[in-house]
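Quick mapping for you: the protein sequence lines, in order, are chains S and V. The letter at position 70 of the first sequence is residue 169 when you use the numbering used here, and the numbering goes up by one with no holes. The letter at position 74 of the second sequence is residue 96 when you use the numbering used here, and the numbering goes up by one with no holes. Scroll down for the structure; my scribbles are underneath it.
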Amino acid sequence: MITKDILKEVLAAEIVLDSEEEFEQSGKSTFSKVCGCDMMSDLLSLMNDHEHDNKAVLLLTGLNNPQVVRTCEMVDIKLVVFVRNKQPSDETVQLARECGVTLMCTPYTMYKCCGILYDLRMKDLNGEIKTN
Amino acid sequence: MDGQLIQMEFPVKGGNFGGAGDAASKIKNILKQLGIRYEIIKRVAIASYEAEMNIVAHAAEGTIVVEINPNAVVVAAKDKGPGIPDIDLAMKEGFSTASQQIREMGFGAGMGLPNIKKATDDMTIKTEVGVGTELTFKIFLTDNREETLK
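Here it is in structure tokens:
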């Protein structure tokens, strides 16, 4: 299980909004599964296909509009990492605050992020993991 | 639930991309307050959100009516929109008539109706070209679906 602080370090990420901190629960969450996705319908489909501890799932995406947060709200994903330093709009940050979703930005590409997190033995939504 | 029936109605404005998902969010929160099982809430939320996005993307206006009875959550998404000329085609994953605007929001990839069907126990579509569409879906609250259907 990977903490938010480790993710911040390995992805050279900036925390735009720490929703846990706002609710004074900082540092409690850990993450074990990753979904790299720009299609929100794909995310809904994948989250419906499998039973997850959804709060352990993080979303990597290049999409930075409020619908990303709305989609996470529907399936209880609590952490979004925007790739290639895409900055969420004020509206997106406000919605994330209301929904208790933490937002990070990383300068890395989606591909690089996926590689780093795969190496850390984080799983995909099918539960597959690096084996060697 | 104690045998009671709860009904709610949410208006949805076509083209209101900023507010898209507001109704699904409210539905999800109400189900949580009612203490409904998480797995059920997730399925209702996914299907309601996709249905709401369809109204926002394609119709002038619509409503989402939710009925929660002791056996099931029943959602009817009704719109005044273009209607669906070919339902079989609309049900194919990947088929979409959505605008670039809705695609930029991460939707419109032809997954909406298939996602709703997959998330629900029963789904029906009534549609008339040039008039509108009524999409109804049901998610049973009990594990024993056969018993519920009796």
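Backbone N, C-alpha and C define an ideal beta-carbon position, used for all residues, glycine too. Source: prediction; values computed, not measured.
Short CB-CB distance (under 8 Å) between residue i and chain S
| i | result |
| --- | --- |
| residue 43(V) | yes |
| residue 65(V) | yes |
| residue 137(V) | yes |
| residue 47(V) | yes |
| residue 28(V) | no |
| residue 113(V) | no |
| residue 1(V) | With chain V covering only 23 through 172, there is no way to say anything about residue 1(V). |
| residue 72(V) | yes |
| residue 62(V) | no |
| residue 106(V) | no |
| residue 134(V) | yes |
| residue 89(V) | no |
| residue 35(V) | no |
| residue 50(V) | yes |
Contacting residues, own chain, Cβ-Cβ under 6 Å from residue i (five flanking each side not counted)
| i | result |
| --- | --- |
| residue 90(V) | 28 |
| residue 214(S) | none |
| residue 171(V) | Reliability of the predicted coordinates at residue 171(V) is poor, the pLDDT of 42 falling under 50, and the value obtained from them is presented with this limitation in mind. Once the five neighbours on either side are set aside, residue 171(V) has no close Cβ partner at all. |
| residue 41(V) | none |
| residue 124(V) | 79 and 130 |
| residue 158(V) | 98 and 146 |
| residue 109(S) | 215 |
Whole-angstrom C-beta distance between residue j and residue i, which should lie under 8 Å
| i | j | result |
| --- | --- | --- |
| residue 157(S) | residue 174(S) | Between residue 174(S) and residue 157(S) the Cβ distance is about 12 Å, and since that is not below 8 Å, they are no contact. |
| residue 109(V) | residue 149(V) | 7 Å |
| residue 73(V) | residue 112(V) | The pair is not a contact, with the Cβ atoms about 13 Å apart (cut-off 8 Å). |
| residue 70(V) | residue 46(V) | 4 Å |
| residue 129(S) | residue 102(S) | 6 Å |
| residue 38(V) | residue 140(S) | So it is not a contact: roughly 19 Å between Cβ atoms. |
| residue 86(V) | residue 32(V) | 5 Å |
| residue 207(S) | residue 182(S) | 6 Å |
| residue 65(V) | residue 120(V) | Not quite, the Cβ-Cβ distance comes to about 23 Å (not below 8 Å), so this is no contact. |
| residue 196(S) | residue 118(S) | 6 Å |
Beta carbon proximity, residue i to chain V, threshold 8 Å
| i | result |
| --- | --- |
| residue 137(S) | yes |
| residue 225(S) | no |
| residue 143(S) | yes |
| residue 179(S) | no |
| residue 202(S) | no |
| residue 163(S) | no |
| residue 186(S) | no |
| residue 209(S) | no |
| residue 193(S) | no |
| residue 182(S) | no |
| residue 156(S) | no |
| residue 131(S) | no |
| residue 169(S) | yes |
| residue 140(S) | yes |
| residue 109(S) | no |
| residue 173(S) | yes |
Contact set for residue i: own chain, Cβ-Cβ below 8 Å, skip 5 residues either direction
| i | result |
| --- | --- |
| residue 228(S) | 220, 221 and 222 |
| residue 191(S) | 163, 164, 165, 167, 168 and 202 |
| residue 153(V) | 102 and 105 |
| residue 168(V) | The predicted model places residue 168(V) with a pLDDT of 45, which falls under 50 and marks its position as unreliable; any figure quoted below should be read in that light. If we look at residue 168(V) and ignore the five residues flanking it on each side, it has no Cβ neighbours. |
| residue 186(S) | 115, 163 and 204 |
| residue 63(V) | 50, 53 and 54 |
Residues sharing a beta bridge with residue i, DSSP
| i | result |
| --- | --- |
| residue 146(V) | 158(V) |
| residue 201(S) | 178(S) |
| residue 222(S) | 132(S) |
| residue 101(S) | 130(S) |
| residue 100(V) | 85(V) and 156(V) |
| residue 113(S) | 204(S) |
| residue 168(S) | Note: residue 168(S) sits in no beta bridge, so no partner. |
| residue 157(S) | 133(S) and 178(S) |
Nonlocal neighbours in the same chain, by C-beta distance under 7 Å from residue i, ignoring five residues either side
| i | result |
| --- | --- |
| residue 113(S) | 203 and 204 |
| residue 145(S) | 134 and 224 |
- Task: Quick one: which unbroken alpha helix (DSSP H) runs of 4-plus residues sit fully inside the stretch 29-95 of chain V? Chain order, please.
- Result: 44-55 and 60-80
- Message: Taking beta-carbon pairs under 7 Å, can you tell me which members of the stretch 140-152 of chain V lie near chain C?
- Response: This model lacks chain C altogether; the protein chains it does include are S and V.
- Task: For the stretch 108-137 of chain V, list the alpha helix (DSSP H) runs that are entirely contained and at least 4 residues long, ordered along the chain.
- Result: Complete alpha helix (DSSP H) runs here, min 4: 109-112 and 122-126.
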